[in-house]
Each structure stands twice: as structure tokens, then as C-alpha cells.
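**Q** Residue numbers (this note's numbering): 33 to 336. Cβ coordinates follow ideal geometry from the N, Cα and C atoms, glycine included. Computed from a predicted model, the values in this text were never measured in an experiment. Pasting a structure here, questions to come.
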DNA sequence: AAGACGAAAGTGGTTGA
DNA sequence: TCAACAACTTTCGTCTT
């Protein structure tokens, strides 16, 4: 409710570019100035380069929902031509062949349509979340695998796409929470989570265990914290891990707490609220982690 | 007035029968 | 499928700066 009011515009000299997320943010308030940098590339380049053979699908309107558009001329099974004359045996073979191809083409186009819609969706979500191209490609690859395995049947394309994106993010260590992705999707978080689990189980997509350190960079850059603070935070997390404090804990919360401590230590104090906000956890969680870290690691935090 | 702290009750997800 | 459980959130009162 009482959010950083957009009625007070961020002074131009406070605007910084956050290269982690591809966003322009205000260094004062953290307000996102421009978070939609439109990908100006042609839409059909969304397909991965290794799929050369699939390029038959060049540039068809992606939102064309009419089934079999352009292929709706059905080749009749009767051995008559358009004038009602019987076709010669030689022509009959041709006709049979045409029909065979028509059926093949239809199957092909059905898979393509699914893919086309999915890629469209992928592009949309990726743009909203500023997901870099390599991660998109990864997501596309995963999705394609899912289609081949028939995992999409019975599920919404959108949720499987979202799950693919999430998986790709995890694989490439582009820390994005499930919530962030779910936010731009009609499918709910639960559904996406289920698809995600299915994906990593069925396709053998290996996903490294989510690491708090991956969150550190992103949170820090959103808050304009120094490299030294980041290094300190990572060291704190490392020590916490050795002590077994990290198991079962929300990595974002842990990263937030470590950064909080590191920031205070380096005289770059941010409020718990600020950190919690960008980390996507609550103040309380930051506090709990922070308390644990201080106690267990015997860190002394100089106050003020 | 704003931030930090912590208690208590509530919520959503995981696990094991 | 259900209940127990841990982690996290929400809410709120109190203390500190």
C-alpha cells in the first residue's frame, strides 16, 4: 500500500542500470524505472539455432487459432476428380500419395502450432522478467523435450512453459523465484511447481541445488552494495553451510541475512525491510536467519 | 517517526503412514 | 489421502535510535 510513491519521480542522476536484471532502477528508492526492455529481434528468431530443419514454419502468424489453416483442402477418398470423372489408375497412385502427405503435414503442423504458441509465451514471459537469451534457449530446449515426451498433453502450455523457464533459470544459476515467474502467468504457482517437478523427473534435466550465493549478487546489485560486501556475504554463507545451518532454509532469506550483516559491517547499512523486500522474503525471516548466523558463527556486528 | 526485535497465531508445502 | 511437521508469513506490541 504505502509503496514508494511514483508521484515523486526519481532524479535522473540517481538512476542506475542493474545489469543483473536488465532494469533501470532508482538508487534512492529502488524503484524500477523501466523494467520492460523490449526485445526488438524478429519473433521467429526465438527458435534455437540448432533446429534448422524446423524452419519450414517460417513466420506464420503465431496467434492463428484456425485449425489447419491453409491446409483445409481435403483430398477426397473417392476416385473421382473435380468434374466427377473417374481417375485413371496412374493418377490414383498420385492421389494416394497426396493424401498421405497431407496427413503427415497435419501432424507436423499440430506439433508446430503447440510449439509456436509455447515459444510465443516463452518470449512474453522472458521479456517481462528480463531473462537473457541463453536462458531462453535453454528453456526452449527443455520445453521441446517435454513435447517430445508427451508431457504437455493434459496440461496447459503456459504452465509447462513457465516450468521450463524456471528449470532453465535454475540450471543456469539465474536466480529467479518461482513466484516471480508465476506472477506473469495465468497458471498458478502450484501448477507450475508440479510441472517443474515433473520436468526434472521425466526428462533428465539435472538441476544444481539452489544456492543462496546465487541470490547474493542479484540482491546486492538491487541495493547498490559494494563488491566487498558481496564477498563478505558469500563468506558468511559458506561458513554457515559448513555448520549445517543452510539445510531446509529458504536460500533467498539466507542470502538476505548474510547481506544484511555484511552491509552493516562495511558501513553500507540497509534496513531489514529494504533487503527483505528485494529478496522476496519478510523482515521476520531476515531477522531469524540473521540471528541464527550471529549466534552460531559468533559474528560480532558493530552497532552503528 | 522509523527501524529493530520478538511473540503468537496463521498459511502452504513436504513427508510418511 | 490424511495428519504431523518445519519453515515462513502476518500481525502486533515494545523497545531503541
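Do you know how far the Cα of residue 318 is from the Cα of residue 290?
**A** By 1-based counting over the first chain, the position of residue 290 is 258. By 1-based counting over the first chain, the position of residue 318 is 286. Distance between the alpha carbons of residue 290 and residue 318 is about 9 Å.
**Q** Leaving out five residues on either side along the sequence, give the residues of the same chain with a beta carbon under 6 Å from the beta carbon of residue 196.
**A** Along the first chain, read from residue 1 onward, the residue named residue 196 stands at position 164. Taken in chain order, the residues that qualify are 171, 174, 175.
**Q** Alpha carbon to alpha carbon, what distance is there between residue 147 and residue 279?
**A** Your numbering for residue 279 matches position 247 in the first chain. Your numbering for residue 147 matches position 115 in the first chain. Whole-angstrom Cα-Cα distance: 38 Å.
**Q** Which complete alpha helix (DSSP H) runs does the region 183-251 hold, if anything under 4 residues is left out?
**A** DSSP runs (the alpha helix (DSSP H)) wholly in the region 183-251: 189-203, 210-215, 221-234.
**Q** Residues in the same chain with beta-carbon distance under 6 Å from residue 206, minus the five sequence neighbours each way, listed in chain order, please.
**A** Here residue 206 refers to the residue found at position 174 of the first chain. Counting only Cβ-Cβ distances below 6 Å, and skipping sequence neighbours, we find 167.
**Q** Give the DSSP-derived three-state secondary structure of residue 162 in the structure shown.
**A** Working through the first chain from its first residue, we reach residue 162 at position 130. Three-state DSSP puts residue 162 in coil, outside helix and strand.
**Q** First and last residue of the alpha helix (DSSP H) that includes residue 317?
**A** As a position in the first chain, residue 317 is number 285, starting the count at 1. 315-329 is the extent of the alpha helix (DSSP H) around residue 317.
**Q** To the nearest angstrom, how far is it from the Cα of residue 324 to the Cα of residue 287?
**A** Taking the first chain and counting its residues from 1, the one referred to as residue 324 is at position 292. Taking the first chain and counting its residues from 1, the one referred to as residue 287 is at position 255. Their Cα atoms are separated by approximately 13 Å.
**Q** Note down the Cα distance separating residue 157 from residue 132, rounded to an integer number of angstroms.
**A** By one-based count along the first chain, residue 157 stands at place 125. By one-based count along the first chain, residue 132 stands at place 100. Residue 157 and residue 132: Cα-Cα distance of roughly 38 Å.
**Q** Flag this pair as yes or no: are the beta carbons of residue 313 and residue 285 separated by less than 8 Å?
**A** As a first step, residue 313 is located in the first chain; it is residue number 281 there, counting from the start. As a first step, residue 285 is located in the first chain; it is residue number 253 there, counting from the start. Yes, the Cβ-Cβ distance between residue 313 and residue 285 is below 8 Å.
**Q** If residue 163 sits next to residue 191, beta carbons under 8 Å apart, how far is it from one beta carbon to the other, in whole angstroms?
**A** Here the question's residue 163 lines up with position 131 in the first chain. Here the question's residue 191 lines up with position 159 in the first chain. Residue 163 to residue 191, Cβ: 17 Å. No contact.
**Q** Alpha carbon to alpha carbon, how far is residue 203 from residue 238? Give it in angstroms, no decimals.
**A** Your numbering for residue 238 matches position 206 in the first chain. Your numbering for residue 203 matches position 171 in the first chain. So the two alpha carbons sit approximately 7 Å from each other.
**Q** What residue range is occupied by the uninterrupted alpha helix (DSSP H) comprising residue 276?
**A** Along the first chain, read from residue 1 onward, the residue named residue 276 stands at position 244. Residue 276 -> no alpha helix (DSSP H), and no H or E assigned at all.
**Q** Taking the Cβ atom as the reference point for each residue, do residue 301 and residue 295 lie within a distance shorter than 8 Å?
**A** As a first step, residue 301 must be located in the first chain, where it is residue number 269. As a first step, residue 295 must be located in the first chain, where it is residue number 263. Closer than 8 Å, so yes.
**Q** Within 10 Å of its beta-carbon, does residue 184 have 16 or more other beta-carbons around it, so buried, or fewer, so exposed?
**A** Within the first chain, numbered from 1, the residue matching residue 184 stands at position 152. Classification for residue 184: buried.
**Q** Compare the beta carbon distance of residue 341 and residue 230 with 8 Å and say whether it is the shorter of the two.
**A** As shown, the chain starts at 33 and ends at 336. That puts residue 341 outside it, with no answer to give.
**Q** Does the distance from the CB of residue 329 to the CB of residue 272 come in under 8 Å?
**A** Here residue 329 refers to the residue found at position 297 when the first chain is read from its first residue. Here residue 272 refers to the residue found at position 240 when the first chain is read from its first residue. Yes, the Cβ-Cβ distance between residue 329 and residue 272 is below 8 Å.
**Q** By the DSSP assignment, the alpha helix (DSSP H) with residue 285 in it spans what residues?
**A** The residue given as residue 285 occupies position 253 in the first chain. 283-297 is the extent of the alpha helix (DSSP H) around residue 285.
**Q** Suppose the cutoff is 7 Å on Cβ atoms and the five residues either side in sequence are ignored; what does the same chain contact list for residue 316 look like?
**A** To locate residue 316, count along the first chain from 1; it is residue 284. Excluding sequence neighbours, residue 316 sits near nothing in its chain.
**Q** What are the start and end residues of the alpha helix (DSSP H) that includes residue 306?
**A** Position 274 of the first chain, counted from the first residue, corresponds to residue 306. Its alpha helix (DSSP H) spans residues 304-311.
**Q** Just confirm the distance between the C-beta atoms of residue 310 and residue 251, as a whole number of angstroms; I'd bet it's less than 8 Å.
**A** Within the first chain, numbered from 1, the residue matching residue 310 stands at position 278. Within the first chain, numbered from 1, the residue matching residue 251 stands at position 219. So it is a contact: roughly 5 Å between Cβ atoms.
**Q** Let me know the secondary structure DSSP gives residue 259 once reduced to three states.
**A** On the first chain, residue 259 is found 227 positions in, with the first residue counted as 1. Three-state result, residue 259: helix.
**Q** Between residue 232 and residue 199, which are expected to be in contact by the criterion C-beta below 8 Å, what is the C-beta distance as a whole number of angstroms?
**A** As a first step, residue 232 must be located in the first chain, where it is residue number 200. As a first step, residue 199 must be located in the first chain, where it is residue number 167. About 6 Å; that satisfies the 8 Å criterion.
**Q** Check whether the Cβ atoms of residue 143 and residue 189 sit closer than 8 Å, and answer yes or no.
**A** One-based indexing of the first chain puts residue 143 at position 111. One-based indexing of the first chain puts residue 189 at position 157. Against a cut-off of 8 Å, the Cβ pair of residue 189 and residue 143 comes out as no contact.
**Q** Rounded C-beta distance between residue 264 and residue 297? I'm assuming under 8 Å.
**A** For the purposes of this step, residue 264 is taken as the residue at position 232 of the first chain. For the purposes of this step, residue 297 is taken as the residue at position 265 of the first chain. Right, the Cβ-Cβ distance comes to about 6 Å (below 8 Å), so this counts as a contact.
**Q** Does DSSP classify residue 153 as helix, strand or coil?
**A** As a working note, residue 153 is residue 121 in the first chain. Of the three classes helix, strand and coil, the one that applies to residue 153 here is helix, per DSSP.
**Q** Just verifying my parser: in three-state terms, what is the DSSP assignment at residue 180?
**A** Here the question's residue 180 lines up with position 148 in the first chain. Reduced to three states, the DSSP call for residue 180 is helix.
**Q** Here's the rule: buried if 16 or more other CB atoms are within 10 angstroms of the residue's CB, otherwise exposed. What is residue 322?
**A** Here residue 322 refers to the residue found at position 290 when the first chain is read from its first residue. Label assigned to residue 322: buried.
**Q** How would you label residue 120, buried or exposed, when you count the other beta carbons within 10 angstroms and need 16 or more for buried?
**A** As a working mapping, residue 120 is identified with position 88 in the first chain. Exposed: under 16 other Cβ atoms inside 10 Å.
**Q** Find out if the Cβ-Cβ distance for the pair residue 226, residue 211 is shorter than 8 Å.
**A** Position 194 of the first chain, counting from 1, holds the residue named residue 226. Position 179 of the first chain, counting from 1, holds the residue named residue 211. Cβ atoms of residue 226 and residue 211: not closer than 8 Å.
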